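Data block below; observations after.
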Amino acid sequence: TQQHISECIRQIELSTKSDKIFGIISRSPLSTVLSMPDQIPFDYFHLCYEIHMPALMKHWMKILSKESKQCIDGYLSNISYPHSFNRYPRTITNFSQWKASEMRVFTLYVCLPSLVQLKNEFPAVIIAHFSLFFIYIRRLRFFDNQRDMESMIYFIEAYLDQYASLYSKCAELLSTHALIHLYEQSLNIGSLSSHSLFSTESYLHHLYKLAHGTVALAQQMAHWHTINRCLQATDNKFSSKLFETKKFLEKNFFNHNVKRQFKEEFKKCFVEYFGVESISSIKFYSRYQDGLIVYHSLSYTNKKKSSSYNVSIMNQSNARTSTTGQIIFFFEYNNGSFAFFKNLILSDIKFSSFIQTNDQVNQWNDYIDYYYYFVHTSSSSFNISLCTNINRKCLLLPFDNKFSLCTEIELELEHD
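Per this note's numbering, residue 1 is the first one in the sequence shown, and the count goes up by one each step.
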């Protein structure tokens, strides 16, 4: 801590000897400008996705059989992601070549369900142990209120207590110990996503493409950056309302076959919602923009393999609860923006029941079941909701013939 560093400096200045204390030699000029531990944070981009997760997976790969690896590869290939996910994991055997953005998707959304699929072949104690790390990182990565993450210190302490017994003491590196400091860091300066190096690394990659060779790199970058800004100045129009924009996208790409397929269901929902039968004044759309986020529908002809139509929608009667649905199409009626969607029925089965119970930490099962919940794949209903009630996108992960596992994407804008 800063107090400890200051105390060491004070003892050095009072001492007649020139010995260093806890590695500190003398007062640093930087210490008058920066609080060393607090204002030079650990970057969870590198700490978690470039160092710790690869170390875990290297150990897991020694346990997994060839058939198990193929099973996970098949599982990964069956997942459909939103169009904003430009990178996502494809084969676990090549995990050492994954970018940090691919490891992020795997860690936050896919890893725990894929391990549960192998629970008969993979040690249950390792799955339960990893769930502690998963909850810790996913909660610290994004939270609305500091009170939401106060209990996270118990999760990381339990994780580190069990770490050596599962992975050997040689695996207890500084990078492993540093994970506990992410909690203190989040208390001081906010969620991990707000100060990670993902955006910085992306921009550095962009700058790298502006220079060639090894001479005058900064001059080349400045030169081509200036030219690019001049060329774009006439085309781009920036608005202060960019984050507040809520509108349909006019380039429709609308598949009318989808509208005809659900004609009767839509007519029934329309009458129940609006109390009228006339639908002649409706204008249909396939996409809707809310700030920087764009939602697709099943009627969007250019969606390809993306799944930006899987969403959670807040209930109009109770904003604290939500339903999971697949948007079929958007429509405008009486100057209002609405979404017609297939409502996926929530199951009573808890995902935590498939993982070895972890009694060391309270609320463990509550967090697991908050991040993952089952929906029926065969039974559903249809409904209409205001577009402003769309909460966020979801991932529907395959589980078995009856159920899909749903997890919400809390901060889509962090993804590339």
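The beta carbon of each residue, even a glycine, is placed where N, CA and C say it ideally should be.
None of these values were measured; they are calculated from a predicted model.
Taking C-beta to C-beta, are residue i and residue j nearer than 7 Å?
i    : j    : result
M57  : F85  : no
V375 : L344 : yes
Y159 : L132 : yes
N315 : T321 : yes
N302 : F253 : yes
F142 : E408 : no
P82  : S306 : yes
I92  : K69  : yes
Y288 : F248 : yes
L140 : I127 : no
F155 : I135 : yes
N78  : P398 : yes
F284 : I328 : no
A171 : Q356 : no
C387 : S308 : no
I390 : Y273 : no
M230 : F382 : One detail in the question is off: residue 230 reads as Cys in this sequence, not Met. It is not a contact, given that the beta carbons lie outside the stated cut-off.
K342 : D290 : no
So residue i is in the beta strand (DSSP E); what residue range does that whole segment cover?
i    : result
D148 : No beta strand (DSSP E) contains D148, which DSSP labels as neither H nor E.
S379 : Y373 to L386
F248 : K246 to F248
R10  : Where R10 is concerned, there is no enclosing beta strand (DSSP E), although the alpha helix (DSSP H) it sits in stretches over Q2 to L14.
R27  : From DSSP, R27 is part of no beta strand (DSSP E); its letter is neither H nor E.
V311 : N310 to M314
K342 : G336 to L346
N391 : I390 to P398
S404 : F403 to E408
For residue i, does the three-state DSSP call read helix, strand or coil?
i    : result
V116 : helix
V110 : helix
F330 : strand
T176 : helix
E121 : coil
I430 : Any property of residue 430 remains undetermined from this structure, which presents the chain solely from 1 to 416.
D38  : helix
L160 : helix
P82  : coil
N228 : helix
V324 : The question names Val, yet the displayed sequence has Thr at residue 324. Here T324 sits in strand by DSSP.
V271 : helix
R87  : coil
F254 : strand
I355 : coil
I349 : coil
K263 : helix
L413 : helix
L166 : helix
F155 : helix
F143 : coil
F130 : helix
L242 : coil
S194 : helix
Span of the alpha helix (DSSP H) holding residue i?
i    : result
P54  : M53 to I63
D73  : K66 to S77
S317 : Premise fails: S317 is in no alpha helix (DSSP H) and is neither H nor E.
Q434 : Because the chain here runs from 1 to 416, residue 434 falls outside it and cannot be looked at.
Y183 : H181 to I189
S101 : A100 to V105
Below 8 Å on the Cβ atoms is my guess for residue i versus residue j; work out the distance and round it to an integer in Å.
i    : j    : result
F243 : E414 : Between E414 and F243 the Cβ distance is about 15 Å, and since that is not below 8 Å, they are no contact.
F103 : Y49  : Note that residue 103 corresponds to Met in the displayed sequence, not to Phe. Sure, about 4 Å apart at Cβ, within 8 Å.
R90  : S101 : Actually they do not touch by this definition, with Cβ atoms about 13 Å apart.
L210 : H225 : 6 Å
I51  : R27  : That pair is no contact at about 31 Å.
Q3   : S151 : The pair is not a contact, with the Cβ atoms about 25 Å apart (cut-off 8 Å).
T377 : S353 : Contact doesn't hold; Cβ gap of about 19 Å is too wide.
Quick check: is any heavy atom of the ligand PLP less than 6 Å from the C-beta of residue i?
i    : result
S337 : As for the ligand PLP, it is missing from this structure, which has no ligand bound.
Legend entry - Residue ranges of each beta strand (DSSP E) within the segment 198-222, 3 or longer: You should have found no qualifying run.
Inset, instruction - Would you list, in sequence order, the uninterrupted beta strand (DSSP E) runs of no fewer than 3 residues that lie entirely inside the segment 277-308? - result: Entirely contained in the segment 277-308, the beta strand (DSSP E) runs reaching 3 residues are, in chain order, 283-285, 288-290 and 293-295.
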